[in-house]
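In terms of the numbering used here, the sequence shown has 467 at position 462, counting the first letter as 1, and numbering is strictly consecutive. The structure appears right after this line, and notes come after that.
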Amino acid sequence: MQYQKIAPYLILAATVVLLSACGRDSKPENSFVTQSRLGGETSVNSQDPGAFSFAASNLDLASKRSFLVGNELFEAPWTIAPASAELRDGVGPLLNVNACQTCHINDGRGHAPQDEHDSAGSMLVRLFRPPQNENETALLLAGLQGNFVDAHYGGQLQDHANPGVAREAQIKIRYHDETVSFDDGFTMTLRRPQLSLVNLNYGPLGENTRFSPRIANAMIGLGLLENISEAHILKNADPEDSNNDGISGEANYVMDVASNTLALGRFGWKAGQPSLRQQSAAAFNGDMGLTTTLFPRENCSDRQVDCVGAMSGVNVGDHVEINDDLLDFVEFYTQHLAVPERRNVEDAEVLAGAELFTRANCQACHKPYFKTQNKRALPALSNQDIYPFTDMLLHDMGADLSDLQQDGSAAPQQETSEFLASSREWRTPALWGIGLSSVVNGEAAFLHDGRARTPMEAVLWHGGEGQAARDVVLTFTAHERAQFEAFLMSL
Ligand SMILES: [Ca+2]
Ligand SMILES: [Ca+2]
Ligand SMILES: [Ca+2]
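Structure, rendered in structure tokens:
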């Protein structure tokens with residue numbers, strides 16, 4: 006009797022020993038196929054609409070309290086100055102919205118307007134222009150200037166303003182349907198966006214001003230990405246494509262405002278920000294009209310007189326609207342949102358889908374595995390085996406995804422950039438949590454401008470260095486497409 010009870014365990018133990026002995030699954034970098042804890046020990050088990058809002062599960066209690074303070078600052082709206090809640094005032098005069106969470110919906114991604122009548126509530130439009138003379142070109146080449154911006158409207162379009170100040174304009178997006186055919190004849194309809202700004206309140210845009218529309222990213226696992234060593238990221242860079250695989254990941258180097266030096270870019274769709282602190286301070290400034298020690302000037306251009314003259318929420322004793330203590334909490338919050346665990350990792354269809362992901366060479370850019378470095382100040386984020394599915398590098402994704410011709414014009418347009426990222430280059434986005442995106446935000450959209458309604462649509466827009474992977478996907482049969490999507494939705 007005893008024997009019967011013990012035997013299955015013996016067999017199981019023997020199998021485990023055998024499996025780990027054969028090597029393949031024992032190394033963390035090879036085990037992404039059945040790995041469910043994508044964020045290492047930070048991972049949480051949830052598939053609810055709140056799945057992206059948890060603190061890293063390995064945070065200690067005191068740190069969880071800091072996280073909650075940061076969460077409050079991320080979620081609650083800021084008010085117009087002067088207000089009684091004086092630590093929380095100073096929003097505007099120009100802004101997109103008055104809370105971080107309005108764009109990062111439920112700590113998840115944003116979306117693009119559904120049609121030309123819908124508002125752009127969780128996205129923004131950056132405004133770039135090409136350099137106009139040799140001096141400006143030299144500044145770009147030296148990395149001293151990330152880009153040049155519109156003379157009247159600055160580097161970002163704010164579509165809201167406080168009373169008494171005119172908003173800059175409204176964002177309108179129209180879509181044109183396009184059909185893509187798989188090799189077996191199955192077709193899918195993609196929507197190509199065409200962007201225009203209407204009701205421009207500060208005169209016409211500069212003749213060469215180009216639009217770079219961007220939806221808000223999901224907030225999960227960002228502190229882990231910040232804690233991958235620069236050396237590990239650069240190991241995958243291959244700017245000249247010396248291994249001849251058609252893929253030439255490149256690092257962005259961007260201005261670190263606090264130290265006034267160039268640093269590896271990690272955040273934003275073009276890796277234009279070096280750290281979560283600077284990205285958050287830039288969001289306070291550009292998206293909400295709130296000043297910090299990193300960005301102490303309101304986001305008004307010199308020609309926006311009402312904006313320059315409006316009252317700000319500078320508190321007695323401070324020179325800025327958000328002091329460093331508050332910024333510390335927001336930084337801590339953005340570092341410590343947990344990554345949800347994968348679902349159905351042992352499901353046969355999902356396992357087959359993982360094979361197809363590898364067959365299409367998606368992992369050439371969407372790198373499954375990194376180990377984070379050891380940072381004493383950030384114990385929860387240290388030494389973690391993580392599976393983000395990004396290389397954190399820039400790739401040329403082709404003309405369809407370029408910042409040029411966004412207005413639908415056919416005339417050739419001069420190149421724009423964000424530091425080293427050209428109009429066609431984007432940082433590989435992490436894929437962890439992607440299968441829960443629409444649970445968290447019912448309108449979740451994909452790619453930098455939210456044109457894709459599903460992860461599969463996002464894949465079908467891959468051009469440039471991503472074209473070969475997309476072309477493999479077009480050969481998939483109906484059953485393979487289902488397996489491939491099952492794998493993506495398991496992430
Ligand atoms: Ca302000
Ligand atoms: Ca502006
Ligand atoms: Ca290469």
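Don't be surprised by glycine CBs; every beta carbon is placed ideally from N, CA and C.
Any 3 or more C-beta pairs closer than 8 Å across the region 481-493 and the region 349-364: Short answer: they touch.
Buried or exposed (CB count within 10 angstroms, at least 16 for buried), residue 47: Counting from one through the sequence shown, the residue named residue 47 turns up at place 42. Around the beta carbon of residue 47, 16 or more other beta carbons lie within 10 angstroms, which makes this residue buried.
Near ligand 2: residue 304 beta-carbon under 7 Å from a heavy atom: Here residue 304 corresponds to residue number 299 of the sequence shown, with the count starting at 1. True, at least one ligand heavy atom lies under 7 Å from that Cβ.
With 16 other Cβ atoms within 10 Å as the buried cut-off, status of residue 134: Along the sequence shown, read from residue 1 onward, the residue named residue 134 stands at position 129. Label assigned to residue 134: buried.
Contact between the region 87-107 and the region 308-317 (3+ Cβ pairs under 8 Å): Three or more beta-carbon pairs drawn from the region 87-107 and the region 308-317 are found closer than 8 Å, and the two stretches are therefore classed as touching.
Three-way DSSP call (helix, strand, coil) for residue 374 in this model: Numbered from its first residue, the sequence shown carries residue 374 at position 369. Judged by DSSP in its simplified three-state form, residue 374 adopts coil rather than helix or strand.
Residue 261 versus residue 191: straight-line alpha-carbon distance, rounded: Counted from its first residue, the sequence shown places residue 261 at position 256. Counted from its first residue, the sequence shown places residue 191 at position 186. Using only the alpha carbons, I get a separation of about 48 Å.
Residue nearest to residue 389 in terms of C-alpha spacing, selected from 51, 61, 38, 57: Position 384 of the sequence shown, counting from 1, holds the residue named residue 389. The candidate whose alpha carbon is nearest that of residue 389 is 61.
Through-space distance from residue 346 to residue 564, alpha-carbon basis: This structure cannot speak to residue 564, because the chain is shown only from 6 to 496.
CB contact flag (residue 392, residue 40, <8 Å): As a first step, residue 392 must be located in the sequence shown, where it is residue number 387. As a first step, residue 40 must be located in the sequence shown, where it is residue number 35. Less than 8 Å separates the beta-carbon of residue 392 from that of residue 40.
Proximity to residue 373 [Cα-Cα], best of 238, 109, 138: One-based indexing of the sequence shown puts residue 373 at position 368. Checking every option, the nearest Cα to that of residue 373 belongs to 238.
Residue 29 burial status per 10 Å Cβ neighbour count (16 or more: buried): Here residue 29 refers to the residue found at position 24 of the sequence shown. Because the pLDDT of residue 29 is 47, which lies under 50, any placement of that residue in the model is unreliable, and the question is left without a value.
Contact test: residue 2 Cβ vs ligand 3 heavy atom, cutoff 7 Å: In the structure displayed, the chain extends from 6 to 496; residue 2 sits before or after that span and is not available.
Per-residue burial, residue 66 [other beta carbons within 10 Å of its own, 16 or more giving buried]: Looking up residue 66 in the sequence shown gives position 61. By the neighbour-count rule (16 or more Cβ atoms within 10 Å), residue 66 is not buried but exposed.
Inter-stretch contact at 8 Å, needing at least 3 Cβ pairs: the region 436-455 / the region 216-228: Touching, yes.
C-beta atoms of residue 343 and residue 79 nearer than 8 Å: Counting from 1 along the sequence shown, the entry for residue 343 is found at position 338. Counting from 1 along the sequence shown, the entry for residue 79 is found at position 74. Note that the C-beta distance between residue 343 and residue 79 is not below 8 Å.
Any non-hydrogen atom of ligand 2 closer than 7 Å to residue 99 Cβ: Position 94 of the sequence shown holds residue 99. Checking the Cβ of residue 99 against ligand 2 gives yes.
Proximity test, residue 173 beta-carbon vs ligand 2 heavy atom, cut-off 7 Å: To locate residue 173, count along the sequence shown from 1; it is residue 168. True, at least one ligand heavy atom lies under 7 Å from that Cβ.
C-alpha gap between residue 75 and residue 350, whole angstroms: Residue numbering aside, residue 75 sits at position 70 when the sequence shown is read from its first letter. Residue numbering aside, residue 350 sits at position 345 when the sequence shown is read from its first letter. Their backbone Cα atoms lie some 33 Å apart in a straight line.
Where residue 68 sits in the DSSP three-state scheme: Position 63 of the sequence shown holds residue 68. DSSP places residue 68 within a helical segment (H, G or I) once states are collapsed to three.
Local Cβ density within 10 Å of residue 476, reported as buried at 16 or more and exposed below that: Counting from one through the sequence shown, the residue named residue 476 turns up at place 471. Per the 10 Å Cβ criterion, exposed.
C-beta atoms of residue 370 and residue 254 nearer than 8 Å: Working through the sequence shown from its first residue, we reach residue 370 at position 365. Working through the sequence shown from its first residue, we reach residue 254 at position 249. Going by C-beta atoms, residue 370 is nearer than 8 Å to residue 254.
At least 3 beta-carbon pairs within less than 8 Å: the region 459-479 vs the region 160-174: Output reads no: the region 160-174 does not touch the region 459-479.
Best match in 143, 114, 185, 89 for proximity to residue 478 [C-alpha to C-alpha]: The count along the sequence shown starts at 1 and reaches residue 478 at position 473. Of the candidates 143, 114, 185, 89, the residue whose Cα lies closest to the Cα of residue 478 is 185.
Inter-residue Cα distance where the pair is residue 430 and residue 88: Position 425 of the sequence shown, counting from 1, holds the residue named residue 430. Position 83 of the sequence shown, counting from 1, holds the residue named residue 88. Taking the Cα positions, residue 430 is about 43 Å away from residue 88.
Straight-line Cα distance separating residue 482 from residue 288: Residue mapping note: residue 288 aligns to position 283 of the sequence shown, counting from 1. Residue mapping note: residue 482 aligns to position 477 of the sequence shown, counting from 1. Answer to the nearest angstrom: the Cα atoms are 43 Å apart.
Residues near residue 340 by beta carbon distance below 8 Å, same chain, minus five either side: The residue given as residue 340 occupies position 335 in the sequence shown. Taken in chain order, the residues that qualify are 227, 228, 231, 281, 383, 386.
Own chain residues within Cβ distance below 8 Å of residue 122, not counting five before or after: By one-based count along the sequence shown, residue 122 stands at place 117. Cβ neighbours of residue 122 beyond the five flanking positions: none.
Alpha-carbon spacing of residue 495 relative to residue 35, whole angstroms: Along the sequence shown, one-based indexing puts residue 495 at 490. Along the sequence shown, one-based indexing puts residue 35 at 30. Taking the straight line joining both Cα atoms gives about 18 Å.
Ligand 3 heavy atom lying under 7 Å from the CB of residue 396: Locating residue 396 in the sequence shown gives position 391, where the first residue counts as 1. Incorrect: residue 396 has no Cβ contact closer than 7 Å to ligand 3.
Test: residue 171 CB closer than 8 Å to a CB of chain C: Protein chain content of the structure displayed is limited to a single chain, and chain C is not contained in it.
Separation of residue 158 from residue 404, as counted between CA atoms: The count along the sequence shown starts at 1 and reaches residue 404 at position 399. The count along the sequence shown starts at 1 and reaches residue 158 at position 153. Their Cα atoms are separated by approximately 26 Å.
Extent of the continuous alpha helix (DSSP H) to which residue 48 belongs: Walking along the sequence shown from the start, residue 48 turns up at place 43. First-last for residue 48: undefined, no H or E at that position.
Residue 442 beta carbon less than 8 Å from that of residue 179: As a working note, residue 179 is residue 174 in the sequence shown. As a working note, residue 442 is residue 437 in the sequence shown. Not a contact, by the Cβ cut-off of 8 Å.
Distance cut-off 7 Å: residue 84 Cβ against heavy atoms of ligand 1: What you label residue 84 is simply residue 79 of the sequence shown in a count that begins at 1. Placement of the Cβ of residue 84 at a distance of 7 Å or more from every heavy atom of ligand 1 is found.
The region 420-427 touching the region 452-465, judged by at least three CB pairs closer than 8 Å: These segments do not touch.
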